[in-house]
Structures are given as structure tokens and as C-alpha cells.
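This report refers to the structure that appears directly beneath it.
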Amino acid sequence: MTARKIIIDTDPGQDDAVAILLALASPQEIDVLGITCVAGNVPLSRTETNARMICEVAARPQTKVFAGRSSPLQRPLVTAEHVHGKTGLDGPDLFEPAMPLQSQNGVDFIIETLRAEPAGSVTLCPLGPLSNIGEAFQRAPDIIDRVQEIILMGGAYFEVGNITPAAEFNIYVDPEAADIVLKSGTPITMMPLDVTHKALTTPPRIAAIRALNSRVGDFTADMLDFFERFDIEKYGSEGGPLHDPCVIAYLIQPELFSGRHINVEVETQSDLTLGMTVADWWGVTDRPANALFIGDLDADGFFDLITKRLARL
Ligand code: RIB
Ligand code: CA
């Protein structure tokens, strides 16, 4: 099986960090062409630094990391330091990465790569607000049909919102970019809160990662120990939802996940429900299906995959 070529678009973020580690630990299945960073959980200056730090923790300093947009397409940036801490990677001892940030802008890298690689051979994996993808599609509509698939973390239906009562963070920060992506016609697989809230970092699961007794295992367990406190306090859950690694795990073991191919649209006008993803799960409209909306996963299998792959780094 040839490795699938992907671009990870991300706003690290502890859960983004685990997704990046999982991807870099899986070269047989995944060829990471580049990591493009976007403002989201924390400002761009932090997300790009965090992405390079994670690549060094994974001992993959040759990975190409790019800085993309520092703000949404049309709105002021909303960040989530209350969840991720001021650095975006609170928990472990952090350090200044030595590996370089690529000089090319991340959005330009997305456009150039999709034009250079064979049509239908590159998958985009957005793990944060869709600002970079939205700008790329606006500036270079010719690349849209060249995308193999977009597998994104974002949205919610039965789980409703996490940043407002109606909206999930990634979609809420840049609803206009999400609207461009959802209406693009590109094959889309969505990992909404409906599935990620079933992927909880319970104490036994974090203990299994810490039991790796490795730099990567300790760094990851320290991140998760910090990251989960917010959701445990808010939801009274037994752990924090490991959102973004669902995207990468789906690439490696899609059978861990299940969902429906349905219509999903996003609210971009209402102040009350801005960023809400309206998912026609029950097929009550004649709106065409535009996304595989994932609703469930084998959580034990998911964490088993993550732990085994982290052991490789
Ligand atoms: O709502 C969860 C999403 O927002 C995750 O991608 C998390 O990293 C934040 O970006
Ligand atoms: Ca993220």
C-alpha cells in the first residue's frame, strides 16, 4: 500500500500535537508533505512554534512547517487559551525549537502543492479553523478539483457547541471559510464533536501512554493531563475529548469509525447561532449530501492505535 500524501493544517493545541505525532509515526500509511499552521487555539506565532516543537519531540526535524493565516477571512480572531493554556501546549516542559520555519507562506504551499502533485493524490487534513483552506480555494479555484479528500475536525450536531451553545470552535472561529469548504464540492469527511466527545482521555488511557517510558510518551501524557482538566470540569466527563487525532486515525484505520453521508451547512449570518453546523442526519431535507459526518468510533481501538504508534517514536 502506498502512503497517502497529506497536508496537515493545524493550530496546536495539545490534541493537534497528538495528531501530528500519530501522523509522523505512521510513514507506511501517511506521507506528510507539509504542516501548515493557522491561528486558532492560540495566535499564529505560537501555533507555528508549537508545530515545530512537536516535530522535534518526534525526532522529525526535517518536516516542513509553514505559517499560514494569522486571522480568519473576515472576522477578528477568537482563541482558546482557557482550554490549551497561554502557550497552547501547556503541560510539558516546552522549549524553543531549532528546526526552521519554512519561508514560504502556508497558503501558497497548499496551492503550489495541489498544482504540482497529480490531481486527486493529496488529502487535506485541517485540525483548526479553516482559514488557510478557505483562502487557498478563494485565490486558486483550480485546485479544488485536484484535492483527493478533506478530512477535517470540526462541527457538531447532537453534541451542539463547545465555544458557544450552538457552535464548535474550529467552525465558529472562521464560519466563512467553513462555508467555502462545505460548498466546494470536494469529498469531505467530518470529525465533529459527536464522535470526538466519545474519544476521552481516561486515566487508564493516559497511564498506558505514560507507561511507554519515553520522551514522546511523557510529553504526550503531560499534555493530556493538562488538556483534559477543562472538559472534565465543564462536562463532568472521565477525560478530555481527543479531537484532532480522530482525523489521522481515520486515515490509518477507517474501520474504527462510522457515520452517514449527509448534507451539512454552516450558519454565517445569525449572531445567536454563528458557526453552527446544521447536519441533516435524519434526511429531512432535499439538500444534497456533501460530507461523511462521523458519529461514532471504537474508542479502545483508537487509543490502542495511538499508544502503539507513539511507541515507535
Ligand atoms: O473544538 C475542538 C477543536 O478546536 C480542536 O481542533 C481543538 O484543537 C481546537 O482547535
Ligand atoms: Ca485543533
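Read in numbering that gives the first Met the number 0, the sequence shown has 97 at position 98, and its numbers run on one by one without any break. Think of the CB as a built atom: it goes at the ideal place given N, C-alpha and C, for glycine as much as any other residue. Small disclaimer: the values here were computed from a predicted structure and weren't measured.
Determine the closest residue to residue i out of the options, with distance taken between C-alpha atoms.
| i | options | result |
| --- | --- | --- |
| Ala-178 | Asn-131, Met-98 and Gly-282 | Ala is not the amino acid found at residue 178; the sequence shown has Asp there. The residue with the shortest Cα to Cα distance from Asp-178 is Asn-131. |
| Asp-211 | Ala-310, Asp-295 and Met-98 | A quick correction: the sequence has Leu, not Asp, at residue 211. Closest by alpha carbon: Ala-310. |
| Asp-89 | Ala-115, Asp-14 and Val-77 | Asp-14 |
| Arg-59 | Asp-217, Ala-288, Lys-233 and Ala-22 | Ala-22 |
| Arg-114 | Met-98, Asp-141 and Leu-129 | Asp-141 |
| Leu-43 | Leu-100, Arg-145, Pro-91 and Val-31 | Leu-100 |
| Ile-110 | Asp-92, Gly-67, His-81 and Leu-151 | Gly-67 |
| Ser-269 | Trp-280, Val-215, Phe-218 and Ala-165 | Ala-165 |
| Leu-291 | Ile-149, Met-275, Pro-91 and Leu-271 | Ile-149 |
| Leu-92 | Tyr-171, Ile-261 and Phe-218 | According to the sequence displayed, residue 92 carries Asp and not Leu. With distances taken between Cα atoms, Asp-92 lies closest to Phe-218. |
| His-196 | Gln-103, Phe-157 and Ala-207 | Phe-157 |
| Thr-306 | Asp-230, Ser-25 and Arg-74 | Ser-25 |
| Gly-160 | Ala-50, Asp-230 and Val-215 | Asp-230 |
| Met-369 | Met-52, Asp-8 and Asp-30 | Residue coverage of the chain in this structure runs from 0 to 312, which leaves residue 369 outside it and unanswerable. |
| Gln-153 | Ala-118, Asp-8, Ser-69 and Leu-20 | Position check: residue 153 holds Gly in this sequence, whereas Gln was assumed. Considering only alpha carbons, the answer is Asp-8. |
| Thr-1 | Asp-30, His-81 and Gly-258 | Asp-30 |
| Asn-289 | Ile-187, Arg-145 and Glu-116 | Ile-187 |
| Lys-233 | Ser-69, His-81, Arg-145 and Tyr-171 | His-81 |
| Gly-87 | Phe-108, Thr-48 and Asp-299 | Thr-48 |
| Arg-145 | Thr-112, Tyr-171 and Gln-73 | Thr-112 |
How should residue i be labelled, buried or exposed, when 16 other C-beta atoms within 10 angstroms of its C-beta is the threshold for buried?
| i | result |
| --- | --- |
| Asp-322 | Residue 322 falls outside the range modelled here, since the chain spans only 0 to 312, and no answer is possible. |
| Lys-85 | exposed |
| Thr-62 | buried |
| Ala-198 | buried |
| Gly-184 | exposed |
| Gln-147 | buried |
| Asp-295 | exposed |
| Pro-287 | exposed |
| Glu-95 | exposed |
| Glu-227 | buried |
| Val-283 | exposed |
| Arg-138 | exposed |
| Ser-102 | exposed |
| Arg-308 | buried |
| Asp-10 | buried |
| Arg-3 | buried |
| Gly-258 | buried |
| Gly-235 | exposed |
| Ile-71 | Correcting the residue identity first, residue 71 is Pro in this sequence and not Ile. Buried. |
| Ala-155 | buried |
| Ala-206 | exposed |
| Leu-271 | exposed |
Would you say residue i and residue j are within 7 Å of each other, going by their C-beta atoms?
| i | j | result |
| --- | --- | --- |
| Met-190 | Val-246 | yes |
| Ala-79 | Phe-225 | no |
| Leu-123 | Asp-243 | no |
| Leu-273 | Glu-266 | yes |
| Gly-12 | His-83 | yes |
| Val-77 | Leu-181 | no |
| Pro-128 | Val-41 | no |
| Trp-280 | Ile-293 | no |
| Leu-192 | Gln-252 | no |
| Phe-301 | Ala-248 | yes |
| Thr-200 | Leu-241 | yes |
| Val-194 | Leu-312 | no |
| Ala-57 | Leu-20 | yes |
For the putative contact between residue i and residue j, defined by C-beta atoms under 8 Å, what is the C-beta separation to the nearest angstrom?
| i | j | result |
| --- | --- | --- |
| Gly-105 | Phe-136 | Not confirmed; about 14 Å, so no contact. |
| Arg-204 | Gly-238 | 7 Å |
| Asp-250 | Val-121 | As written in the sequence, residue 250 is Leu, which differs from the Asp given in the question. At roughly 13 Å, the Cβ-Cβ gap does not stay under 8 Å, so Leu-250 and Val-121 are not in contact. |
| Ile-6 | Thr-46 | At roughly 15 Å, the Cβ-Cβ gap does not stay under 8 Å, so Ile-6 and Thr-46 are not in contact. |
| Ala-16 | Met-222 | 6 Å |
| Gly-133 | Glu-175 | 7 Å |
Quick check on residue i: does DSSP put it in helix, strand or coil?
| i | result |
| --- | --- |
| Ala-165 | coil |
| Glu-28 | coil |
| Glu-227 | helix |
| Glu-95 | coil |
| His-81 | helix |
| Glu-148 | strand |
| Asp-107 | helix |
| Val-159 | coil |
| Asp-295 | strand |
| Ser-257 | strand |
| Ala-220 | helix |
| Thr-86 | coil |
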